[in-house]
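So the structure is just underneath, and the comments pick up after that.
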Amino acid sequence: MASRTCATPVVPGAFPMVGHAWPLMRRPLRFAQSLSGHGDLVEVRLGPVRAQVPCDPELLWRVLTDDRLFDKGGPFFDRVRATIGNGVGACPYGEHRRQRRLIQPSFQPARLKGYAAVMEEEAAALTERWDDGGVIDAYRSLFGAALRSVLRTLFATRAGDAVVDRFRTSVETVLQQLTARMFVPAPLLRLPLPVNRRFDRAVADLRRGIDDLVAERRRDRTDRGDLLSALMTAQDDENGTGCGTGLTDTEIHDQVLTMLTAGSDSVTAAVSWALYLLDRNPEALDRLEREVDAVLAGRAARGDDVPALAHTGRVITEALRLYPPGWLFTRVTTAETELGGHRLPPGTTVAFCAPAVHRGRQLYDDPEEFDPDRWLPERARTLPRGAFTAFGGGARKCAGEAYALTECTLLLATIVSRWRLRPAPGCDVRPVALSTALRPRRLLMETSARRGLPK
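For any residue, its number in the working numbering is found by taking its place in the sequence shown, counting from 1, and adding 37.
As structure tokens, then:
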């Protein structure tokens, strides 16, 4: 059958100039889940930009894995590059292979073991600060722990409150506004409006903070076992000549900024949603508590516990399926191609919207049900490629996947080993409108210390 030229079904509900920003702001998950009802490949409007969204897992998998043809670009990555630079997460195809080779040693198992030790300490410290019968803002509490972990694993330094506070406000401002900015025409972003000034100030503060920490490290080039040491000593010896080149100062800065933003928000969102989902599913919580009690016997989780915390890992994966942190990205076709029976001309924006597939009825009879056992090996292997893309796929799959999953597992297991958390009055779990990571609006939770734990 002949291909059709980009005549994909247009999703209703778009407005002039802002496109589908309104339904995305009001009910992002409901909007994403509705897309597959219009076809396997549909058109949405991201501001003034027309974007093709694959709702079929095989189509999505092709977009993710053919990164030469579907390159990083479009409204989202244009804004990302302007904000946090041209790091491995945002750079175009032509630069990615070299950057990936250079940063990959930063996430080798030997280094991950050291990072896990930091995560253990921060998870334990977090749970020790809570009061029995108290109320916490779970997302903000977890964000502080995740940010401290990222700062310590990046810079091998104790991240005191002053350092965390310096970065926290700036990181939160950037993450809250970055996705929303892709719906705004570029000329409006240059106007001296308060929202633009706050964003620009946050980016400038982040860059200055990173510059200060990198400059401090350059005065002492000792390998401290942290991410920055790995980045500064990395050499790309692709030709085996022993004369490889390393990352430039600008590239190091961009990688650090990428890791700082992505490494704090994604972990926080995943664990926040896991805690919320567990409260709504007592059987899954009971199984998790029994596993954690058996493995940890009353102590905080350690990095070498992760393989034994299998159900904990499945809880995290299922939370990521239902609420993938990186939920809306864009790519751009570099040549004419065919996708789902439609011809796409060069320069076509293709939007990667994980919930459109993760919550699709073409994969699951009960896509909105929280079921960690979906990820038992015998069930998971029956799913098609592209069914789970919380970390992307192909050569552009998130380099920090193991880092993120390790931290999520350690945080969740340590929390569950000591506390029961329940939503408190005033809790608002609606996803924040157009936040970079899909996160709850206000996850207030009551903390109750668990009794009769194993000794």
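Beta carbons are placed, not taken as given, at the ideal position from N, Cα and C, and that holds for glycine. Fair warning: this is a prediction, and the values are worked out from it, not measured in the lab.
Note on geometry: alpha-carbon atoms of R256 and D249 lie some 11 Å from one another. Three or more beta-carbon pairs separated by less than 8 Å are not found between the segment 126 to 144 and the segment 441 to 459, which leaves the two stretches without contact. Looking at the DSSP output, A388 bridges to T367. The Cβ-Cβ distance between F366 and F389 falls below 8 Å. In chain order, F428, G429 place their CB closer than 6 Å to the CB of C435, counting only its own chain and leaving out the 5 sequence neighbours on each side. Excluding residues up to 5 positions away in sequence, P91, C92, D93, L96, G377 lie with their Cβ nearer than 8 Å to the Cβ of D77 in the same chain. Per DSSP, K150 is not a residue of any beta strand (DSSP E); the alpha helix (DSSP H) it occupies stretches across 146 to 165.
Rounded to the nearest whole angstrom, the CA to CA distance from V79 to A44 is 9 Å. G246: member of the alpha helix (DSSP H) spanning 231 to 255, first to last residue. Look at F425 here: in three-state DSSP terms it is coil, with no helix or strand label. The C-beta distance from M482 to A175 rounds to 5 Å, short enough to meet the 8 Å contact threshold.
Between V329 and V453, the C-beta gap is smaller than 8 Å, which places the two residues in contact. Cβ-Cβ separation between L191 and L265: approximately 6 Å, consistent with a contact (criterion under 8 Å).
Sorting D323, Y401, R203 by C-alpha distance to the C-alpha of R244 places R203 at the top. Distances from the CA of L106 to each of L381, W59, R416 were compared; the closest alpha carbon is that of L381. F107: member of the beta strand (DSSP E) spanning 107 to 109, first to last residue. Taken atom to atom, the span from the alpha-carbon of V208 to that of T120 is near 11 Å. DSSP places T216 outside both helix and strand once states are collapsed to three, so it counts as coil. Contact check for A153 against G340 passes: the beta carbons are separated by less than 8 Å. Each of E375, D115, D342, P462 was checked against the Cα of V100, and the nearest Cα belongs to E375. In the three-state reduction of the DSSP assignment, V48 falls in the coil class, being assigned neither a helical nor a strand state.
With a contact defined as Cβ atoms closer than 8 Å, T164 and T451 qualify at about 6 Å. Between A217 and L475, the CB-CB gap reaches or exceeds 8 Å. Cα atoms of G131 and P383: separation of roughly 17 Å, rounded to the nearest angstrom. Look at the segment 67 to 108 and you find these whole runs of alpha helix (DSSP H), each 4 residues long or longer: 94 to 102. Here F52 is exposed. Its C-beta has fewer than 16 other C-beta atoms within 10 Å.
In the three-state reduction of the DSSP assignment, R324 falls in the helix class.
According to the DSSP assignment, R457 belongs to the beta strand (DSSP E) that extends over 456 to 460. For a cut-off of 8 Å, the C-beta gap from P361 to P392 is around 6 Å, short enough to register as a contact. Here the alpha carbon of E438 sits roughly 28 Å from the alpha carbon of D465. Around the beta carbon of D260, a 10 Å sphere encloses fewer than 16 other beta carbons of the protein chains shown; the residue is thus reported as exposed. In the same chain as A372, and ignoring 5 residues on each side of it, the C-beta atoms closer than 7 Å to its own belong to L106, P383, in chain order. Judged by DSSP in its simplified three-state form, V55 adopts coil rather than helix or strand.
R148 is positioned such that its CB atom lies no closer than 8 Å to that of G300.
Comparing alpha carbon positions, the residue from S485, A486, P468, R487 closest to R478 is P468. As computed with DSSP, E483 is found in a beta bridge with V172, R459.
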